[in-house]
Amino acid sequence: MDRSAHSTGVTMLALDVEYALAEFTLRVKVECPGAATAILGPSGAGKTTLLNLIAGLLRPDRGTVRVDGVVLHASDEGIDLPPERRRIGYVFQDDLLFPHLNVEANLRYGYERLPTADRRFAPERIIDLLEIGALLQRRTVQLSGGERQRVALGRALLASPRLLLMDEPLASLDQGLKSRIIPYLRHIHSDLDIPIIYVSHSVAEILELTAQVMVLKRGQVVAHGDFFHIAHQPEVLPLVEEYGFENVLPVEMVSGDAALGVSLVRCNGQALKVPYCPRPVGARMFVGVRADDIILARSRPQGLSVRNMLEGHIVEVKDVEGKWLVYVDVGVEEGGVGRLAVKVTAEAVRELGLAVGEQVVCLMKTHSIRLGPEME
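Sequential numbering from 24 applies to the sequence shown in my numbering.
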């Protein structure tokens with residue numbers, strides 16, 4: 024039997040690779056089960072190199088690459104499938120659409136080169152999922168940045184990949200466009216059952232997609248797992264602070280008042296006022312708030328201009344090289360990370376008696392809350 028074509032049916036990426044770069048050697052040994060894993064790390068950490076090793080654009084000096092149980096590379100056994108046989112989709116920061124083809128021809132490029140038996144999705148399904156039906160006859164130069172990225176996604180998906188690699192695909196887009204595209208990414212792994220490896224410098228962007236994060240530094244995996252379990256580690260916290268430590272909460276729209284500039288949302292039964300958002304009642308969406316923008320109180324204060332007070336209990340208090348993080352469980356429902364990270368001083372920890380199990384109130388100004396994408 025050709026082991027390179029044998030699948031065990033286990034949806035995961037398993038890596039054990041080494042690759043020498045000019046300044047360091049990339050060494051990664053991890054397994055990534057589940058729907059989506061994000062890769063976070065400073066510039067030059069080896070993130071893109073790792074994606075290229077998975078895709079087959081680079082060959083490891085040593086090691087193995089397996090996707091969904093299929094061996095794509097095994098140096099000890101002489102297995103090294105070429106990129107076109109790996110069935111891996113790759114979406115870059117620059118979408119790299121074919122300028123001489125219209126949107127429909129771009130979408131069908133990989134699809135028409137697949138054997139019929141390997142085609143997992145009809146073009147109409149992907150076109151509907153990404154809402155690009157009105158674009159089919161357009162030239163690529165006529166597309167906006169968000170439209171181009173959706174077409175690039177569609178082209179990758181119609182090649183029926185077993186894994187989708189995404190290398191900072193939203194980096195060149197403004198926040199509004201990012202918020203419109205991220206829901207499509209969630210549909211990819213939830214509706215199409217395609218796992219995603221996602222590289223980004225934005226912590227908030229990552230958390231709107233997945234909480235599973237691998238942190239790379241100079242070619243080494245310094246942390247891997249649930250973001251809120253690894254974020255306080257000494258190797259990770261400085262990076263998180265550099266990129267902005269933003270909590271992400273799932274909420275449901277209750278009402279909006281354009282005249283006052285605020286909307287009322289519900290977070291697991293607790294009311295939260297956010298900047299005005301013209302979304303319908305019942306819409307589910309994400310909102311973000313930085314750890315620096317939350318104030319803790321032991322009880323609900325009176326006479327403050329702060330509009331938002333989420334109650335919860337402390338589940339963890341961490342001192343990381345003199346920087347204190349308090350994690351508060353505010354009872355987030357399905358789709359959320361379940362707790363807020365709050366940055367405080369050592370003096371506050373001592374004077375307020377902030378300890379695991381204590382009840383606290385998280386205070387947030389309305390306009391410190393960022394509106395994120397819809398959840399569905």
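All residues carry an ideal CB built from backbone N, CA and C; glycine is no exception.
Keep in mind the model is a prediction, meaning the values are calculated, not measured.
Q) What's the gap between the Cα of T72 and the Cα of I149? A) As a position in the sequence shown, residue 72 is number 49, starting the count at 1. As a position in the sequence shown, residue 149 is number 126, starting the count at 1. Answer to the nearest angstrom: the Cα atoms are 29 Å apart.
Q: Check each candidate in L124, E147, L81, D91 and name the one with the smallest Cα separation from D103.
A: Taking the first residue of the sequence shown as position 1, residue 103 is located at position 80. It is L81.
Q: Note down the Cα distance separating L120 from T163, rounded to an integer number of angstroms.
A: As a working mapping, residue 120 is identified with position 97 in the sequence shown. As a working mapping, residue 163 is identified with position 140 in the sequence shown. Roughly 7 Å separates the two Cα atoms.
Q. Which value, in whole angstroms, describes the spacing of the CA atoms of D280 and T389?
A. In the sequence shown, counting from the first residue as 1, residue 280 sits at position 257. In the sequence shown, counting from the first residue as 1, residue 389 sits at position 366. Rounded to the nearest angstrom, the two C-alpha atoms are 13 Å apart.
Q) Nearest to A58 by CA position, among I111, L186, Y299, is which residue? A) Here the question's residue 58 lines up with position 35 in the sequence shown. Ranking the options by Cα distance to A58, first place goes to L186.
Q) Which term fits G112, buried or exposed, when burial requires 16 or more other beta carbons within 10 angstroms of its beta carbon? A) Locating residue 112 in the sequence shown gives position 89, where the first residue counts as 1. G112 is buried by the Cβ-count criterion.
Q) Taking the C-alpha atoms as reference points, what is the distance between Q172 and Q165? A) Locating residue 172 in the sequence shown gives position 149, where the first residue counts as 1. Locating residue 165 in the sequence shown gives position 142, where the first residue counts as 1. C-alpha separation (whole angstroms): 13 Å.
Q. Under 8 Å between the Cβ atoms of V349 and V365?
A. If you number the sequence shown from 1, residue 349 lands on position 326. If you number the sequence shown from 1, residue 365 lands on position 342. Contact flag set, yes.
Q.
Please give the ranges of any beta strand (DSSP E) in the region 276–300, keeping only runs that are unbroken, at least 3 residues long and fully inside the region.
A. 285–290, 293–298
Q | Cβ-based neighbour list, S202, same chain, cut-off 7 Å, excluding 5 preceding and 5 following | A | Locating residue 202 in the sequence shown gives position 179, counting from the first residue. Excluding residues within five positions, the ones whose Cβ falls inside 7 Å are G395, P396.
**Q.** Given V340 as reference, the closest of V353, S328, V367, R330 once Cα atoms are compared
**A.** In the sequence shown, the residue the question calls residue 340 occupies position 317. The candidate whose alpha carbon is nearest that of V340 is V367.
Q: Tell me whether T233 sits in a helix, a strand or coil according to DSSP, three-state version.
A: Residue numbering aside, residue 233 sits at position 210 when the sequence shown is read from its first letter. DSSP places T233 in coil when its eight states are reduced to three.
**Q.** 7 Å CB neighbourhood of L176 in its chain, flanking five on each side removed
**A.** If you number the sequence shown from 1, residue 176 lands on position 153. Cβ within range, chain order: V114, L153, Y207.
Q.
Between which residues of its own chain and V40 is the CB-CB distance below 6 Å, once the five residues before and five after are set aside?
A. As a working mapping, residue 40 is identified with position 17 in the sequence shown. Only V51, L76, P83, G86 meet the Cβ criterion.
Q. Just checking my contact of I220 with L74 at CB under 8 Å: how many whole Å lie between their CB atoms?
A. One-based indexing of the sequence shown puts residue 220 at position 197. One-based indexing of the sequence shown puts residue 74 at position 51. At roughly 7 Å, the Cβ-Cβ gap stays under 8 Å, so I220 and L74 are in contact.
(Q) Please state the DSSP three-state secondary structure of G248. (A) Against the sequence shown, residue 248 aligns to sequence position 225. Looking at G248 - three-state DSSP - the assignment turns out to be strand.
Q: Could you pull out every residue in the same chain whose Cβ sits closer than 7 Å to the Cβ of N129, ignoring the five residues on either side in sequence?
A: Reading the sequence shown from its first residue, position 106 is the one you call residue 129. Within the same chain, N129 has close Cβ partners L120, F121, T163, V174, R178.
Q. How is the beta strand (DSSP E) around N331 delimited, first residue to last?
A. The residue you call residue 331 lines up with position 308 of the sequence shown. Note, N331: beta strand (DSSP E), 331–343.
**Q.** Continuous alpha helix (DSSP H) stretch holding H96: start and end
**A.** Residue mapping note: residue 96 aligns to position 73 of the sequence shown, counting from 1. Premise fails: H96 lies in the beta strand (DSSP E), 93–97, not in any alpha helix (DSSP H).
Q: Quick one: give me the first and last residue of the alpha helix (DSSP H) that D118 is part of.
A: Here residue 118 is taken as the residue at index 95 of the sequence shown, counted from 1. It is not in any alpha helix (DSSP H) - D118 carries neither H nor E in the DSSP assignment.
Q) Is P106 helix, strand or coil by DSSP? A) As a first step, residue 106 must be located in the sequence shown, where it is residue number 83. P106 falls in the helix class under three-state DSSP.
Q. By a C-beta neighbour count over all protein chains shown, 10 Å radius and 16 as the cutoff for buried, is A246 buried or exposed?
A. Walking along the sequence shown from the start, residue 246 turns up at place 223. So A246 counts as buried.
Q) With 8 Å set as the bound, which would you pick, yes or no: does the beta-carbon of E41 sit closer than that to a beta-carbon of chain C? A) As a matter of chain content, chain C is missing from the structure shown, which is built from one protein chain.
Q: Give the DSSP bridge partners of N270, in chain order.
A: The count along the sequence shown starts at 1 and reaches residue 270 at position 247. According to DSSP, which records beta bridges pairwise, N270 is partnered with V312.
(Q) For V379, count the other beta carbons within 10 Å of its own beta carbon; 16 or more makes it buried, fewer makes it exposed. Which is it? (A) Position 356 of the sequence shown, counted from the first residue, corresponds to residue 379. Looking at its Cβ environment, which holds fewer than 16 other Cβ atoms inside 10 Å, V379 is exposed.
Q. The alpha helix (DSSP H) spanning G177 covers which residue range?
A. Stepping through the sequence shown from its first residue, residue 177 is reached at position 154. Element bounds for G177: 168–180.
Q | Identity of the residues DSSP links to P324 by a beta bridge | A | For the purposes of this step, residue 324 is taken as the residue at position 301 of the sequence shown. P324 pairs with nothing; no bridge assigned.
(Q) If I follow the unbroken alpha helix (DSSP H) through G199, where does it start and stop? (A) The residue labelled residue 199 in the question sits at position 176 within the sequence shown. Start and end: 198–214.
Q.
Considering only the alpha carbon of each residue, which of S183, G292, L63 lies closest to L260?
A. For the purposes of this step, residue 260 is taken as the residue at position 237 of the sequence shown. Comparing Cα positions, the closest option is L63.
Q: Measure from the alpha carbon of P184 to the alpha carbon of each residue in G169, L159, D141, I155, then state which is nearest.
A: Here the question's residue 184 lines up with position 161 in the sequence shown. Cα-wise, what sits closest to P184 is D141.
Q) By how many angstroms is the C-alpha of E228 removed from the C-alpha of V94? A) Counted from its first residue, the sequence shown places residue 94 at position 71. Counted from its first residue, the sequence shown places residue 228 at position 205. Rounded to the nearest angstrom, the two C-alpha atoms are 31 Å apart.
Q. With burial defined as no fewer than 16 other Cβ atoms inside 10 Å of the residue's Cβ, what is the status of S223: buried or exposed?
A. By one-based count along the sequence shown, residue 223 stands at place 200. Flag for S223 reads buried.
Q.
I need the straight-line Cα distance from V310 to N270, nearest angstrom please.
A. Taking the first residue of the sequence shown as position 1, residue 310 is located at position 287. Taking the first residue of the sequence shown as position 1, residue 270 is located at position 247. Using only the alpha carbons, I get a separation of about 8 Å.
Q) Per DSSP, what kind of secondary structure is A145 in: helix, strand or coil? A) To locate residue 145, count along the sequence shown from 1; it is residue 122. Three-state result, A145: coil.
Q.
Going by DSSP in three states, A45 sits in which element: helix, strand or coil?
A. For this step, residue 45 is matched to residue 22 along the sequence shown. Of the three classes helix, strand and coil, the one that applies to A45 here is coil, per DSSP.
Q: Please report the Cβ distance between V297 and I392, rounded to the nearest whole angstrom; I am assuming they are in contact, meaning their Cβ atoms lie under 8 Å.
A: Counting from one through the sequence shown, the residue named residue 297 turns up at place 274. Counting from one through the sequence shown, the residue named residue 392 turns up at place 369. Confirmed, Cβ separation roughly 5 Å.
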